[in-house]
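S.K.: Residue numbers (my numbering): 345 to 955.
For every residue, glycine included, the Cβ atom is placed at its ideal position computed from N, Cα and C.
All values derive from a computational prediction rather than experimental measurement.
Structure below; questions to follow.
Have a look at this one:
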């Protein structure tokens with residue numbers, strides 16, 4: 345199931361930033377499920393590697409510039425559908441940051457290679473050691489291919505802006521991590537410092553410690569405090585576990601050298617001032633606090649930039665020049681898309697993979713290729729079992745880590761869960777993809793209401809009324825797959841946003857769910873997304889307001905049909921299929937969208953049982 349729609353099922357199980365766990369429903373009970381580590385267990389357990397085959401060959405060709413996670417993700421999804429894909433990567437081997445920067449103690453080289461080989465096996469052509477350096481080369485690619493995806497990573501470290509930083513012995517963290525990863529740098533001098541506070545700075549300083557000679561020392565220099573570091577919580581935790589000294593509230597001022605060789609770093613102490621745009625206290629220099637650190641080696645890790653000189657004057661990468669298009673950005677050149685770090689700025693592996701996927705999907709749409717659907721796993725959940733789970737607090741298993749005494753080389757620090765622990769951890773899942781209802785439980789006013797329906801698929805056709813003509817519009821399928829549904833009682837809801845805050849899928853139930861009003865007065869006060877049920881002599885009438893118009897769905901006692909009244913048309917509908925049996929034109933013109941009618945029929949079935 346994981347391999348169907350993840351180009352890197354092995355890599356991401358080790359290097360993913362797993363922010364999904366920050367939204368895990370379990371965190372409302374005890375602590376989040378260890379989603380990444382369960383998936384890691386599955387990946388490590390698989391010895392055969394899943395083999396995927398592309399569908400029939402399509403005539404269209406796509407060039408991808410940038411062979412990192414974003415570019416290879418785009419290649420994976422396009423190749424699966426039969427497109428001809430070629431990837432141009434400036435370095436060798438392919439893989440970008442996951443191959444050239446992620447330390448081996450955070451990932452497993454063989455596993456990364458397995459994922460990349462799987463993508464190549466789909467027929468993707470790799471051009472390694474092939475940087476696109478000039479506008480002429482880029483224009484040639486645009487002329488040769490039907491589509492281009494720019495998935496370049498942020499491969500250039502930011503400058504310190506301090507005098508003397510070009511001195512021998514001062515290195516950019518990306519170059520440093522690449523040198524270490526490729527085995528070209530195997531030892532360091534005695535006194536080393538890393539400047540920065542993000543994940544990359546921690547990767548660099550932990551790598552540096554493993555290369556120190558006996559008696560050597562490494563420092564992490566950061567202008568704020570550890571509590572304000574932008575690095576992930578687990579990276580900071582492992583930094584502190586390994587007893588690496590952090591020089592807090594310290595900022596570099598000048599690189600000091602003798603005869604062109606690094607000897608030290610002049611620094612100044614800082615204090616915390618007012619909050620800046622990031623919400624963190626701004627570091628302010630303490631006058632007269634300068635001091636000098638004696639150093640033999642200095643690693644700069646304060647951020648990254650992209651190198652795209654070949655695009656200057658051709659592609660407009662400003663926000664004004666990029667057009668949002670179904671989850672991806674199209675440039676000022678038609679059919680040339682951009683994603684990953686180049687569109688977002690330095691970002692996570694997962695977001696880069698997601699951008700590549702969305703770019704592939706947009707190309708599929710333009711070529712009339714159906715977006716792939718992935719087989720769901722039927723867990724046959726029993727509601728009684730779920731209620732018991734949600735009434736029980738159960739903390740997760742502890743992640744196995746290598747002992748501190750064994751962290752002298754680049755072996756993996758975080759180990760794979762045992763089968764017993766993986767199954768125990770997985771059993772904590774509350775199955776919120778099948779029954780969530782978090783918005784129901786967290787609403788202080790009890791405004792969100794859970795109910796059940798019979799899953800059903802409707803084949804519907806919109807109705808267009810123009811002049812005296814009634815014509816068919818869009819034909820489509822409305823699929824109600826989940827039996828568990830939620831509506832919002834508008835009279836009780838004060839739109840506090842609590843349900844949106846706790847929603848594991850970043851939804852806004854108080855806005856997105858159908859709003860049902862108990863009183864006619866409150867219903868009439870709303871402009872759209874409002875529903876009100878009226879009962880009259882055994883008949884039930886659902887009044888509904890949508891964006892463009894108000895509808896009434898009437899179910900007469902004992903009838904096998906619905907009556908639907910819109911301002912511009914009146915219909916008799918079959919109750920089971922919602923197909924029109926009879927139509928009469930009303931006043932005016934408009935389009936009747938039948939997905940709205942499906943919503944009304946579903947709500948009416950629930951609401952008519954209410955007192």
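Hey, residue 593 and residue 613: beta-carbon distance below 9 Å or not?
M.R.: Yes, they are a contact pair.
S.K.: Could you check whether residue 718 and residue 349 sit closer than 9 Å to each other, using their CB atoms as the reference points?
M.R.: Going by C-beta atoms, residue 349 is nearer than 9 Å to residue 718.
S.K.: Under a Cβ-count criterion, where at least 16 other Cβ atoms within 10 Å of its own Cβ denotes burial, should residue 834 be classed as buried or exposed?
M.R.: Buried.
S.K.: Does the distance from the C-beta atom of residue 1012 to that of residue 783 stay below 9 Å?
M.R.: The requested residue 1012 does not occur in the structure, where the chain is confined to residues 345 to 955.
S.K.: From residue 788 to residue 467, what distance separates their C-alpha atoms?
M.R.: So the two alpha carbons sit approximately 54 Å from each other.
S.K.: Can you check whether the CB of residue 693 is closer than 9 Å to the CB of residue 344?
M.R.: Coverage of the chain is limited to positions 345 through 955, which leaves residue 344 absent and any answer about it impossible.
S.K.: Look at the Cβ atom of residue 641, then the Cβ atom of residue 507, and state whether they are nearer than 9 Å.
M.R.: Not in contact: residue 641 and residue 507 (Cβ atoms no closer than 9 Å).
S.K.: Within its chain, find whatever has a CB closer than 7 Å to the CB of residue 601; leave out the 5 residues flanking it on each side and keep chain order.
M.R.: Once the five neighbours on either side are set aside, the close Cβ partners of residue 601 are 508, 511, 607.
S.K.: How would you write the range of the beta strand (DSSP E) that residue 635 sits in, first residue to last?
M.R.: Its beta strand (DSSP E) spans residues 635 to 638.
S.K.: Which runs of the beta strand (DSSP E) fall wholly inside the stretch 885 to 950 and span at least 3 residues, in chain order?
M.R.: List check, beta strand (DSSP E) in window: 894 to 899, 905 to 910, 913 to 918, 924 to 929, 934 to 936.
S.K.: Checking 9 Å against the spacing of the C-beta atoms, do residue 404 and residue 540 come in under that value?
M.R.: No, these two residues do not count as a Cβ contact at 9 Å.
S.K.: Please look up how many angstroms separate the CB atoms of residue 521 and residue 447, rounded, as I've assumed it's under 8 Å.
M.R.: Confirmed, Cβ separation roughly 7 Å.
S.K.: Could I get the ranges of all uninterrupted beta strand (DSSP E) runs contained in the stretch 652 to 678, with 3 residues as the minimum, in chain order?
M.R.: Segments of the beta strand (DSSP E) lying fully in the stretch 652 to 678: 667 to 669, 672 to 674.
S.K.: Identify the residues that DSSP records as bridge partners of residue 828: which are they?
M.R.: Residue 828 is bridged to 796.
S.K.: Taking 8 Å as the cut-off, does the stretch 813 to 827 touch the stretch 798 to 805 (at least 3 CB pairs, one atom from each stretch)?
M.R.: They touch, by the three-pair rule.
S.K.: Pick helix, strand or coil for residue 470, following the three-state DSSP scheme.
M.R.: Residue state, collapsed to three classes: strand.
S.K.: So what's residue 611 in DSSP terms, helix, strand or just coil?
M.R.: Correct three-state label for residue 611: strand.
S.K.: Thinking C-alpha only, which one of 450, 940, 445, 398 is nearest residue 425?
M.R.: Residue 398 is the option with its Cα nearest to residue 425.
S.K.: Could you pull out every residue in the same chain whose Cβ sits closer than 6 Å to the Cβ of residue 579, ignoring the five residues on either side in sequence?
M.R.: Once the five neighbours on either side are set aside, the close Cβ partners of residue 579 are 543, 546.
S.K.: Spell out a yes or no on whether the stretch 452 to 465 and the stretch 732 to 746 are touching, meaning 3 or more CB-CB pairs, one atom from each, closer than 8 Å.
M.R.: The stretch 452 to 465 vs the stretch 732 to 746: no contact.
S.K.: Suppose you measure from the CA of residue 562 to the CA of residue 689; what does that come to, to the nearest Å?
M.R.: About 29 Å.
S.K.: Inspect the beta-carbon positions of residue 884 and residue 793 and report whether they are closer than 9 Å.
M.R.: Cβ atoms of residue 884 and residue 793: not closer than 9 Å.
S.K.: Kindly give me the distance between the Cβ atoms of residue 660 and residue 498, rounded to whole angstroms, as I take these residues to be in contact under 8 Å.
M.R.: Contact flag wrong, Cβ pair sits at about 19 Å.
S.K.: On the criterion of 16 or more Cβ atoms from any shown chain inside 10 Å, does residue 406 qualify as buried, or is it exposed?
M.R.: Looking at its Cβ environment, which holds 16 or more other Cβ atoms inside 10 Å, residue 406 is buried.
S.K.: Does the structure place the stretch 484 to 491 close enough to the stretch 624 to 635 that three or more beta carbon pairs sit under 8 Å?
M.R.: Contact between the stretch 624 to 635 and the stretch 484 to 491 is absent, because fewer than three Cβ pairs lie under 8 Å.
S.K.: Comparing alpha-carbon positions, which option in 414, 685, 513, 656 lies nearest residue 604?
M.R.: Residue 604 has its Cα closest to that of 513, out of 414, 685, 513, 656.
S.K.: Residue 381: buried (16+ other C-beta within 10 angstroms of its C-beta) or exposed?
M.R.: Buried is the call here.
S.K.: Does DSSP classify residue 683 as helix, strand or coil?
M.R.: Note: residue 683 maps to coil in three-state DSSP.
S.K.: Does the stretch 923 to 937 come within contact of the stretch 761 to 779, defined as at least 3 CB pairs closer than 8 Å?
M.R.: Not touching, per the Cβ criterion.
S.K.: Between the Cα of residue 899 and those of 880, 529, 752, 473, spot the shortest distance and give me the residue it belongs to.
M.R.: Residue 880 is the option with its Cα nearest to residue 899.
S.K.: Can you find at least 3 beta carbon pairs, one from the stretch 809 to 816 and one from the stretch 839 to 847, that sit closer than 8 Å?
M.R.: Contact between the stretch 809 to 816 and the stretch 839 to 847 is absent, because fewer than three Cβ pairs lie under 8 Å.
S.K.: Pop quiz: residue 843 and residue 913 are said to be a contact at Cβ under 8 Å. What is the actual Cβ separation, rounded to whole angstroms?
M.R.: At roughly 36 Å, the Cβ-Cβ gap does not stay under 8 Å, so residue 843 and residue 913 are not in contact.
S.K.: With a 10 Å radius around its C-beta and 16 neighbouring C-beta atoms as the bar for buried, classify residue 333 as buried or exposed.
M.R.: Since the first and last residues shown for the chain are 345 and 955, residue 333 lies out of range.
S.K.: Taking residue 767 as the reference, give the member of 356, 358, 377, 365 with the closest Cα.
M.R.: It is 377.
S.K.: With DSSP run on the structure shown, which of helix, strand or coil describes residue 643?
M.R.: In this structure, residue 643 counts as strand in the three-state DSSP scheme.
S.K.: Compare the Cα-Cα distances from residue 537 to each of 493, 611, 527, 570 and report the closest residue.
M.R.: Considering only alpha carbons, the answer is 611.
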